[in-house]
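Worksheet for the structure shown next.
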Amino acid sequence: MRTEKEKMIAGDLYLSGNDVELNAGLSRARSLLYKFNQSPPNDEGLRYGIIKELFGKSPELFLVEPPFKCDHGFNISVGDYFFANFDCTMLDVAPITIGDRVYLGPKVGLYTANHPIDKDIRHEFYEFGSPITIGDDVWLGANTVVTPGVTIGSNVVIGSGSVVTKDIPDNVIAVGNPCKVLRPITSEDKAYWQARKEAYQAELCQDNVIE
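Put into structure tokens, the structure is as follows:
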């Protein structure tokens, strides 16, 4: 017979209330998060080590700003150069898989946890989860909410305050509640931002000459 943890990871109904294994995992995560969120501002090494211990998979280069909250931690996998700004929450009863170079703005919420629609089953405290997957080169603006079961493609920008309830394809800007594709990301976007970068570098070179 499967454990409640195995049922949870599989996305099936599970009961966590009196399960020793799940509660031990929750307690471990809360202890680590308490240390992380109470750490001195300049102790980046301590926070780095805690996230390495907490997450199921993490790269060598990443930054998570406190405060940060999650359920278990082991269900979270992040890619290279991951960044989460202040007040990020991840409910990871199902896997949260994040690609490379993904930036999360302040107060972003990634929520895999779900409850039955039927009130009687819900009141018996059954839960289930559905995974969230985010591709490479994604920026989620502040206060974005991603709901259970959503996949966001690569090279995507999600506008601040969006509620993402359905999958988002590659190479688009999407925004709104519910979040919808606004337009594709184009070569004109790349040219515009390349020009701004070149202007910045030109000014920097000029300042260095003056000095």
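Position 114, counted from 1, in the sequence shown is what full-length UniProt numbering calls 114; the numbers after and before it change by one each time, with no gaps. Think of the CB as a built atom: it goes at the ideal place given N, C-alpha and C, for glycine as much as any other residue. Fair warning: this is a prediction, and the values are worked out from it, not measured in the lab.
- By the neighbour-count definition (other C-beta atoms within 10 Å, threshold 16), I152 is a buried residue.
- Its Cα nearest to that of Y81, the residue L104 stands out among T186, P95, L104 and R2.
- DSSP places M1 in no beta strand (DSSP E); its state is neither H nor E.
- When the alpha-carbon of E53 is set against those of L32, F128 and V138, the nearest one is in L32.
- In the displayed model, V93 falls within coil according to three-state DSSP, outside both helix and strand.
- Straight across, the Cα-Cα distance linking Q194 with D100 is about 21 Å.
- If you look at V175, you'll find it in the beta strand (DSSP E) that goes V172 to V175.
- G45: not part of any beta strand (DSSP E); member of the alpha helix (DSSP H) spanning E44 to L54, first to last residue.
- Fewer than three pairs of CB atoms, one per stretch, sit closer than 8 Å, so the region 115 to 124 makes no contact with the region 86 to 99.
- By the neighbour-count definition (other C-beta atoms within 10 Å, threshold 16), C88 is a buried residue.
- Within the same chain, I173 come within 6 Å of R183 by CB-CB distance, once the 5 residues on both sides are set aside.
- Between the region 142 to 149 and the region 164 to 172 there are three or more inter-stretch CB-CB distances shorter than 8 Å, so the stretches are counted as touching.
- Taking C-beta separations shorter than 7 Å and ignoring five residues to either side along the sequence, the partners of G129 in its chain run M8, G11, V93, A94, T112, A113, N114 and P148, following chain order.
- Note: Y81 is not bridge-paired with any residue in the DSSP secondary-structure output.
- Taken atom to atom, the span from the alpha-carbon of I134 to that of L13 is near 24 Å.
- The continuous alpha helix (DSSP H) containing L33 extends over residues V20 to N37.
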